[in-house]
Amino acid sequence: MKLDDIVKSCNLHVVCGEESLENEVNGGYASDLLSDVMAHSKKGDIWVTLQVHPNIIAVAKLKEIVGIIMINGRKPEQETINKARSERLPIMTTDLPAFELVGKIYSMGIRGKH
Amino acid sequence: MNKSDARSEVLFQQKFPIRGGDFVNAGDSSCKIRNTLREIGIDSDIIRRIAITAYEAEMNVVMYAERGVMSINVYRDEILLTIDDKGPGIENIDLAMQPGYSTATEEMREMGFGAGMGLPNMKKNADTFKITTEVGKGTRLEIKILLDGKND
Chain A
1 MKLDDIVKSC
11 NLHVVCGEES
21 LENEVNGGYA
31 SDLLSDVMAH
41 SKKGDIWVTL
51 QVHPNIIAVA
61 KLKEIVGIIM
71 INGRKPEQET
81 INKARSERLP
91 IMTTDLPAFE
101 LVGKIYSMGI
111 RGKH
Chain B
1001 MNKSDARSEV
1011 LFQQKFPIRG
1021 GDFVNAGDSS
1031 CKIRNTLREI
1041 GIDSDIIRRI
1051 AITAYEAEMN
1061 VVMYAERGVM
1071 SINVYRDEIL
1081 LTIDDKGPGI
1091 ENIDLAMQPG
1101 YSTATEEMRE
1111 MGFGAGMGLP
1121 NMKKNADTFK
1131 ITTEVGKGTR
1141 LEIKILLDGK
1151 ND
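Same order as they appear, the protein sequences are chains A and B. For the first sequence, this note's numbering begins at 1 and goes up steadily by one. For the second sequence, this note's numbering begins at 1001 and goes up steadily by one.
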C-alpha cells in the first residue's frame, strides 16, 4: 500500500515530504519512546507518535521508516520540519488520538507485525 | 602479509564529535555512520545493529555528558564502535544495565528518552560490549559487531 492511500483514507494533513507519498508502506509502529522505536520498528513502517521534536527524524532515518504521523492535533517543531524536508521524509498530522488512527490504518490491512 | 595482519587491517575509520545537550543535531552522527556503511556495502542486518547501538550511545552523550567522540573502525571481519565521553560517569553499572532503569530528567522523558532501554539495547545488538567508567570523569563504551557472526 502506498503512503498516499493512508493519507487519503485517514484524511491526514501532509506537512512536508509530499514527494515521497508514493513510497510503499510495509507495516506500522506506534510508540512515543524513542528507544522502543529504535528497537522494534521495521524498515518500511509508518510511525504513529505524539513526539514532535527534531530527534524523531534521526530515528526515522536510521530505521528506514517511510513516514511519521503526529496524533491528537500535535504540530511538528520548525526544526523537525526542516530536517524532514532535507531527508524527503513525510510528516503528517491528524486530530485523532492514536487508538483511533491506528485502528483505521489497521483496518486498511497494515499490520504491526510483518 | 600474514593472516593476523590482514585481520587487523583497518579498512575504514571515521570519528565524530558529539556535543552534550545538543538535542537538535543528536542522531546525525549515527545517520552518517549508517550512510557510510551502506556505501561500503556492509550487510543490512549488521547496519541495523550498528545504527541502534550508535544512536543509543550518541543520545547518552547528548543527554548526560559534556562532550564526547564516537569512532567507527571497520576491519575485515568486525566493526568496532567506541564512544568516549567527558561527563559524570556511571555510578552503578549493574543498575544502569537494568532494563527500565534511567536517571533521565522529567523533560527528557517527555521527549521520549529515558526509557531505560539504551544500554540494554546496545548490549543486545553487540557481539561484545564493554563499559569503562569513572565517576566525575567520563565513560567509554566499546562495542564490537562481528561481520561473519550472528547475533543471538
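We put the CB at the ideal spot given by N, CA and C, even for glycine.
About 11 Å separates the beta carbon of A:T94 from that of A:I68, a gap too long to meet the 8 Å contact definition. Take A:D4, set aside five residues on each side of it, and the residues of its chain with a beta-carbon closer than 7 Å to its own are L21 and E22, in chain order. At the C-beta level, B:A1054 and B:I1033 come within 9 Å of one another. Of all C-beta pairs linking the region 41-58 of chain A to the region 1006-1020 of chain B, fewer than three are shorter than 8 Å, placing the two stretches out of contact. A straight-line Cα-Cα distance of about 15 Å links A:N11 and A:R74.
Cα atoms of A:P76 and B:R1076: separation of roughly 42 Å, rounded to the nearest angstrom. Looking at the backbone, the Cα of A:K113 and that of B:S1008 are separated by about 40 Å. Below 8 Å, too few C-beta pairs join the region 49-57 of chain A and the region 1065-1082 of chain B to call them touching: fewer than three. Residues L21, E22, N23, E24 and V25 of the same chain have their beta carbon placed closer than 8 Å to that of A:K2, with the five preceding and five following residues left out of the count.
When secondary structure is reduced to three states using DSSP, B:R1019 falls in the strand class.
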